[in-house]
Amino acid sequence: MRKRADAYDPVPELESPEPEPEAEEVEEDAPARRSAKQNSCVFSLHCWCYSSQDLVEEVWKHPQIVLEGVDIFGGELSRNACLPTPCLNGGIADPCTQRNPCVSGVCRPSGQGQYECECQDHYEGIHCDEPTLPLEVSVHPSSQIVNTNAYVELTCSFNNAKRYHWYKDDVLLPNSGNQNPLIIMSVTPSDIGYYFCRGSGRNEETLDTMRASVYVKDLTNIIVLNARFAIPFSDELHDQTSKLYKETALNISTYVEQGVRTSSGLKSLSVVCRALRPGSVKADMNIYIERTNMTATETQDLIGLSLDSLANESDDDKFDKSRILGLNKKP
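Counting from 1, one number per residue, gives the positions in the sequence shown under UniProt numbering.
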């Protein structure tokens, strides 16, 4: 992990200037020269100096004198300010050799006197001096059984997570990053499923919460497997978050729902497409029916007859000139 920092944060360690022999000078200049000597600072620098051909590292000692209104090395210094560019030939001080700013990591110069720390595993922070705490789940979502059109909130929480996302039936929910709580404004059969959160730590490790189910009361669920449609299969249909998958699943669900409602006479019926696989397109579906006076066996038989009738549909104008060619069903 790399952290960026300013190379000029700490003050370099000072070294005592070596005494210089005093020269005979005019008496009136003596106080100013004594003041300059008292306010001088000398330290060692590693400068990366650029010539026309080569990059040369020059290590040298450079005195910087704090004076007001005195011209030093061609630049006038302001009050109480050291020379800002000690590498006078255009070089820049290397912050990684001036000091060791990365406690548990590798320092890399990033230009203009700045540096980046690439932290070792289990450390973070600008100077790689903060131990990375373990990723933990603090709150798991809870399962809920609710009425149709009910308002639902699902909550999860992590300790030391950089981010987290919500998943439904192992598929990432779009725009769910760090969303807490996850809100379903009005539950429909398409919201039925298993939800969980996946958190990511500082070192990109991941951790999942327990799964929580959301289910609607008083529904009969009939599962239809391998309903085959004359639709060309595309690799994009493997991705349930893709636009093509969503459009294809919705078209199949709508087609089957309308056909079964017409054939069976059941109006309170919903079809949800759960998965698409190759083989033209093979679809797994859930058919949810509000409770009726029929037994479960009678309901299953009625749905089976309706699906058989739809499979034999000869009107090629339905569903983008596609029709069900075969299906397998189970309660």
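The beta-carbon is built from N, C-alpha and C at its ideal position, and this holds for glycine as well.
Nonlocal neighbours in the same chain, by C-beta distance under 6 Å from residue i, ignoring five residues either side
{"i": "Thr148", "result": "Val216"}
{"i": "Ala23", "result": "Confidence at Ala23 is low in this model, with a pLDDT of 48, below 50, so the placement of that residue should be treated as unreliable; the coordinate-derived value is given next. So no residue of the chain qualifies."}
{"i": "Asp208", "result": "Phe196, Arg198"}
{"i": "Ser263", "result": "Ser306, Ser309"}
{"i": "Phe233", "result": "Pro278, Val281"}
{"i": "Lys168", "result": "Gly193, Tyr195"}
{"i": "Leu276", "result": "Leu237, Ala283"}
{"i": "Ala150", "result": "Val187"}
Spatial distance of residue i from residue j (CA atoms)
{"i": "Ile324", "j": "Leu310", "result": "In this predicted model, Ile324 has a pLDDT of only 42, less than 50, meaning its place in the structure is not dependable; the value taken from the coordinates is given anyway. Going from the Cα of Ile324 to the Cα of Leu310 covers about 7 Å."}
{"i": "Gln179", "j": "Gln300", "result": "39 Å"}
{"i": "Asn312", "j": "Asn175", "result": "41 Å"}
{"i": "Val260", "j": "Tyr164", "result": "40 Å"}
{"i": "Trp166", "j": "Val152", "result": "14 Å"}
{"i": "Leu173", "j": "Thr248", "result": "18 Å"}
{"i": "Asp284", "j": "Leu266", "result": "21 Å"}
{"i": "Asn251", "j": "Leu302", "result": "23 Å"}
{"i": "Lys282", "j": "Ser268", "result": "25 Å"}
{"i": "Gly113", "j": "Asp235", "result": "49 Å"}
{"i": "Thr206", "j": "Leu154", "result": "20 Å"}
{"i": "Leu244", "j": "Cys96", "result": "51 Å"}
{"i": "Met210", "j": "Pro181", "result": "15 Å"}
{"i": "Val224", "j": "Gly304", "result": "9 Å"}
{"i": "Lys246", "j": "Ile287", "result": "18 Å"}
{"i": "Glu204", "j": "Thr295", "result": "51 Å"}
{"i": "Pro134", "j": "Asp94", "result": "34 Å"}
{"i": "Thr297", "j": "Thr132", "result": "57 Å"}
{"i": "Pro189", "j": "Glu136", "result": "32 Å"}
Assigned secondary structure, residue i (DSSP; H/G/I helix, E/B strand, else coil)
{"i": "Ser268", "result": "coil"}
{"i": "Ser200", "result": "strand"}
{"i": "Ile222", "result": "strand"}
{"i": "Tyr255", "result": "helix"}
{"i": "Gln144", "result": "strand"}
{"i": "Pro134", "result": "coil"}
{"i": "Pro174", "result": "coil"}
{"i": "Thr188", "result": "coil"}
{"i": "Gln240", "result": "coil"}
{"i": "Pro278", "result": "strand"}
{"i": "Cys47", "result": "Residue confidence is low: Cys47 scores 46 on pLDDT, short of 50, so the model does not pin down where it sits. Its coordinate-derived value is still stated next. Looking at Cys47 - three-state DSSP - the assignment turns out to be strand."}
{"i": "Tyr151", "result": "coil"}
{"i": "Val106", "result": "strand"}
{"i": "Ala161", "result": "coil"}
{"i": "Pro95", "result": "helix"}
{"i": "Arg261", "result": "helix"}
{"i": "Val70", "result": "Because Val70 carries a pLDDT of 38, less than 50, the predicted location of this residue cannot be relied on, and no value is offered for it."}
{"i": "Asn80", "result": "Legend: pLDDT at Asn80 = 38, less than 50; position of this residue unreliable, value from coordinates given subsequently. It is coil, neither helix nor strand."}
Close beta carbons around residue i, own chain, < 7 Å, minus the five adjacent residues each side
{"i": "Ser143", "result": "Ala212, Ser213"}
{"i": "Cys102", "result": "Cys117, His127, Cys128"}
{"i": "Gln162", "result": "For the sequence presented, residue 162 should be read as Lys rather than Gln. So the list reads Ser200, Gly201, Arg202, once near-sequence residues are dropped."}
{"i": "Gly105", "result": "Cys117, Glu118, Cys119, Gln120, Tyr123, Cys128"}
Counterpart residues of residue i in DSSP-defined beta bridges
{"i": "Thr206", "result": "Ser200"}
{"i": "Asn286", "result": "Ile223, Val272"}
{"i": "Ser309", "result": "In DSSP, Ser309 forms no bridge with anything."}
{"i": "Lys168", "result": "Val171, Tyr195"}
{"i": "Val214", "result": "Gln144, Gly193"}
{"i": "Ile126", "result": "Answer by DSSP bridge pairing: none, since Ile126 is not bridged."}
{"i": "Leu182", "result": "Leu154"}
Residues of its chain near residue i, where Cβ-Cβ distance is below 8 Å and the 5 sequence neighbours each way are ignored
{"i": "Ser138", "result": "Ser157, Phe158, Asn159"}
{"i": "Val171", "result": "Gln240, Thr241"}
{"i": "Gly177", "result": "Arg163, Tyr164, His165"}
{"i": "Glu130", "result": "Tyr123, Glu124"}
{"i": "Val146", "result": "Val152, Val187, Val214, Tyr215, Val216, Lys217"}
{"i": "Pro140", "result": "Looking at the sequence itself, residue 140 is His, so the reference to Pro does not match. Excluding positions up to five away in sequence, the list reads Cys156, Thr209, Met210, Ala212."}
{"i": "residue 418", "result": "This structure cannot speak to residue 418, because the chain is shown only from 1 to 331."}
8 Å Cβ cutoff, residue i in contact with chain D
{"i": "Ala161", "result": "Here chain D cannot be found, since the structure has a single protein chain."}
- Message: Quick check: the region 261-280 against the region 178-197, are at least 3 beta-carbon pairs closer than 8 Å?
- Response: yes
- Are at least three pairs of beta-carbons, each pair with one atom in the region 290-297 and one in the region 217-228, less than 8 Å apart? yes
- Query: Would you call the region 243-260 and the region 180-187 in contact, with 3 or more CB pairs under 8 Å?
  - Reply: no
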